[in-house]
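If you're matching positions, the sequence shown starts at 2 in our numbering and goes up one per residue.
Quick reminder that beta carbons are idealized off the backbone N, C-alpha and C, glycines included.
In this text, all values refer to a predicted model and were calculated from it rather than measured experimentally.
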Amino acid sequence: MKEKRKVKDQNSRKSPHIPVLFNEVLESFEGIKPGYFVDCTLGYAGHSEAMLQRYEQIQHIGIDRDDEALNFSLSRLESFGDRSRLYKGTFATLLPQLEERPITGILADFGVSSLQLDKMDRGFSFESATLDMRMDAGAALSAYDVVNHYGQKELEYILDQYGEVRPYKKVARAIVEARSREPIQSAKALADIVSRVIPKGGKIHPATLTFQGIRIEVNNELGEIEGLLDTLEAKAKQGELEEAIVALITFHSLEDRLVKNRFKRWANSCICDPHAMRCTCGNNHALGKPLARKPITASQAELKQNARSRSAKLRTFIFKG
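Here it is in structure tokens:
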């Protein structure tokens, strides 16, 4: 069930993180209809605050699984009063439960926030003394559990399928060998193990993809995206998202492929077998259309200001009325 938030920490407003593609997101919702705008990955409410300021016809719903982010955002959005409601949980779980109608805008930024990356006690950083990586600090599974208790074949699968690590077998074997001597206690120790297998080259840390794969496993990130897309598709087919605008920001190829393929399917009017001689389905199955042919990426100005925006891709879609 949804959990509405109460203010816990008024001082948390001191450390906002930089939302990626800030202006591009706002412009994507130009023409949004009156109704509820759902920020599925609220974070520190940078996008949400700007949306509430710019589009006075919308109500706001923010979803996040991180207590620290929710407390910060509740304080930040307090001036909007009843126009904003915040709920704790995963968007794949909460979005189907929302009773607010109509939903006219949906935003999801699938990246890890700057504050989560930079805070050493969260265990996302290569220099962290902990090995955590949970977006929800109360979740059962942590990176420590994955690294120290998963079998070698399981680690290989995660590194290959989620991290796209080329020498995934060598990295998995190195992790298993290291933990056989003593548990791997910190993200720094894990990064050092990986760095001994993958030589340093360019600006990207050798452990980047390994950390990505483990983080995706810990937080079920791809499953969450699939759940979100399934929910949007079901609601659109039920007529609950008429003229609703969807804006989704991805940060690596696995995420972007899921979104790209689903948008393509939603825009497909004919669902006949591609080898069929002629259309027999009625050619009227499109749920809507993409708002741009190609994904929107960060400008040079933003790249200079925020290097983490370099891999961000924004894809947008509007459901038919």
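Cut-off 6 Å between Cβ atoms - residues of its own chain near residue i, not counting five sequence neighbours on either side
i, result
"Val247", "Ile107 and Phe318"
"His206", "Phe127"
Close Cβ partners of residue i (< 7 Å) along its chain, the five nearest in sequence each way excluded
i, result
"Asn149", "Arg180, Pro184 and Ile185"
"Thr211", "Leu160, Gly164, Val166, Val172 and Val195"
"Gly299", "In the sequence on display, residue 299 carries Ala and not Gly. For Ala299, where only same-chain residues beyond five positions count, the Cβ hits under 7 Å are Val21, Leu22, Ser310, Arg311 and Ala313."
"Phe252", "Phe111, Gly112, Ser312 and Ala313"
"Tyr169", "Glu157, Leu160 and Asp161"
Residue i - containing beta strand (DSSP E), residue span
i, result
"Gly106", "Ile104 to Asp110"
"Leu249", "Ile246 to Thr251"
"Asn315", "One point to set straight first is that residue 315 is Leu, not Asn, in the sequence displayed. Element bounds for Leu315: Lys314 to Phe320."
"Tyr45", "Here Tyr45 belongs to no beta strand (DSSP E), and DSSP marks it neither H nor E."
"Ile226", "Run containing Ile226: none in the beta strand (DSSP E); it sits in the alpha helix (DSSP H), Glu222 to Lys238."
"Ser1", "Since the first residue of the chain shown is 2 and the last is 322, residue 1 is not available in this structure."
"Asp40", "Gly36 to Asp40"
"Gln60", "Ile59 to Asp65"
Residues near residue i in its chain [Cβ-Cβ closer than 8 Å; skip 5 each side]
i, result
"Phe125", "Val113, Gln117, Leu118, Asp133, Met134, Ala188, Phe212 and Arg216"
"Glu1", "Coverage of the chain is limited to positions 2 through 322, which leaves residue 1 absent and any answer about it impossible."
"Leu288", "Glu234, Ala237, Lys238, Trp267, Ala268, Phe320 and Lys321"
"Gln292", "For clarity, residue 292 is Leu in the given sequence; the question names Gln instead. Contacts found: Ser29, Ile246, Thr317, Phe318 and Ile319."
"His286", "Asn269, Ser270, Cys271 and Ile272"
"Met2", "Note that Met2 scores a pLDDT of 40, beneath 50, so its modelled location is shaky and nothing firm can be said."
"Arg14", "Low per-residue confidence applies at Arg14: pLDDT is 47, beneath 50, and the placement is therefore not dependable enough to give any value."
Residue closest to residue i, alpha-carbon to alpha-carbon, out of the options
i, options, result
"Glu50", "Glu218, Arg84, Asp122 and Arg66", "Arg84"
"Phe264", "Thr131, Ala141, Leu230 and Ser143", "Leu230"
"Lys204", "Ala308, Gly36 and Lys295", "Ala308"
"Gly228", "Ala109, Gly36 and Thr105", "Ala109"
"Ala141", "Ile104, Glu218 and Gln153", "Glu218"
"Asn262", "Asn72, Arg294, Met278 and Tyr145", "Arg294"
"Ala138", "Thr105, Lys89 and Pro103", "Lys89"
"Leu315", "Ala208, Arg279 and Arg258", "Arg258"
"Thr105", "Arg279, Asp40, Val177 and Pro275", "Asp40"
Check whether residue i and residue j have beta carbons under 7 Å apart
i, j, result
"Thr232", "Leu99", "no"
"Val26", "Ala313", "no"
"Asn220", "Met121", "no"
"Phe38", "Ile64", "no"
"Ile297", "Cys282", "no"
"Leu78", "Ala130", "no"
"Val147", "Ala175", "no"
"Leu249", "Val260", "yes"
"Glu303", "Lys34", "no"
Unbroken alpha helix (DSSP H) run spanning residue i, endpoints
i, result
"His150", "Ala144 to His150"
"Lys290", "Unbroken run through Lys290 is the beta strand (DSSP E), Gly289 to Pro291; no alpha helix (DSSP H)."
"Val166", "That residue, Val166, is in no alpha helix (DSSP H); it is neither H nor E in DSSP."
"Tyr158", "Gln153 to Tyr158"
Residue i: CB within 6 Å of a non-hydrogen atom of the ligand ATP
i, result
"Ala277", "Because no ligand of any kind appears in the structure shown, any question about the ligand ATP cannot be addressed here."
With contact counted as at least three CB pairs below 8 Å, one residue from each stretch, are the region 29-38 and the region 54-64 in contact? yes
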